[in-house]
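Peer 1:
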Amino acid sequence: MIIRRNNILHRLLLPLWLSSVALLMAACGEYSGASESKLTQTVDSFATYYYNWQFQRALRFTTPQSEQWLRLCASQLTQEDVDLLNQQTEKPSYVIDQLELIDDSTARVSITVQNYLLTDTIGRPARLVDKGSFTLDAVYTTAAQRWMIDLHDVLRNEKK
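Letter by letter, the sequence shown follows residues -3 to 156 of the numbering used here.
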């Protein structure tokens, strides 16, 4: 009699358990898709502001530790540089080449930026660069419940 009850119990619980596992796996897939979408939105906002030298606005999409690098970028600009940016007929644009979720709270995003102004030498005006490749590190902060760009230095073109 005990064996019969266990078999009936197993027959009833096994489908329930399997459907729970399937539901959990589907939910994780949706989380990953939603997480990628949120990360893409963060990269979009950050890159748009950063490459148009709107560093104060870009700051909203970065970790607190990144502020020092944005301040450094802003401090290197001259009025001549800003005038060059304002005279540009074609504004900077970017494309996400690769988005890699390393785990649930870290990611690496490779982007190609076109028509951006580079300030790499103090005392010299910015110069137009046709195309450059950059890698952005991103972290998901549970406190803010969003992705943030994590700068460890001033962004540098990886392919010159």
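Note that beta-carbon positions come from the ideal geometry of N, C-alpha and C, so glycine has one too.
So F42 packs on T59, CB below 8 Å; how close in whole Å?
Peer 2: For the purposes of this step, residue 42 is identified with residue 46 of the sequence shown, where counting begins at 1. For the purposes of this step, residue 59 is identified with residue 63 of the sequence shown, where counting begins at 1. In fact, because the Cβ distance is near 11 Å, the residues do not count as touching under 8 Å.
Peer 1: With distances taken from CA atoms, which of E154, T108, R120 is nearest L95?
Peer 2: As a position in the sequence shown, residue 95 is number 99, starting the count at 1. Of the listed residues, the one whose Cα sits closest to L95 is T108.
Peer 1: Exposed or buried, which one is I145 when buried takes at least 16 other CB atoms within 10 Å?
Peer 2: Walking along the sequence shown from the start, residue 145 turns up at place 149. By the 10 Å Cβ count, I145 comes out buried.
Peer 1: Closest by CA to R120, which one among S62, L80, K34, Y46?
Peer 2: Indexing the sequence shown from 1 puts residue 120 at position 124. The shortest Cα separation from R120 among S62, L80, K34, Y46 belongs to L80.
Peer 1: By DSSP, does W65 sit in helix, in strand, or in coil?
Peer 2: Taking the first residue of the sequence shown as position 1, residue 65 is located at position 69. Residue state, collapsed to three classes: helix.
Peer 1: Taking the beta carbon of A54 as the centre, do at least 16 other beta carbons fall within 10 Å, making it buried, or is it exposed?
Peer 2: Working through the sequence shown from its first residue, we reach residue 54 at position 58. A54 comes out buried.
Peer 1: Identify which residue in N82, Q64, D100 has its Cα closest to the Cα of H148.
Peer 2: Here residue 148 corresponds to residue number 152 of the sequence shown, with the count starting at 1. Nearest of N82, Q64, D100 to H148, Cα basis: Q64.
Peer 1: Considering only residues of the same chain and omitting the five flanking positions on each side of A134, which have a CB-CB separation below 8 Å?
Peer 2: Within the sequence shown, numbered from 1, the residue matching residue 134 stands at position 138. So the qualifying residues of the chain are L35, T38, V39, T102, A103, R104, V105, W143, M144, I145, D146.
Peer 1: What span of residues does the alpha helix (DSSP H) with E96 cover, start to end?
Peer 2: Here residue 96 refers to the residue found at position 100 when the sequence shown is read from its first residue. Note, E96: premise wrong, no alpha helix (DSSP H); beta strand (DSSP E) at 89 to 97.
Peer 1: From what residue to what residue does the alpha helix (DSSP H) around N82 run?
Peer 2: Translated into positions along the sequence shown, residue 82 becomes position 86. It spans 75 to 83 - the alpha helix (DSSP H) in which N82 sits, taken as one unbroken run.
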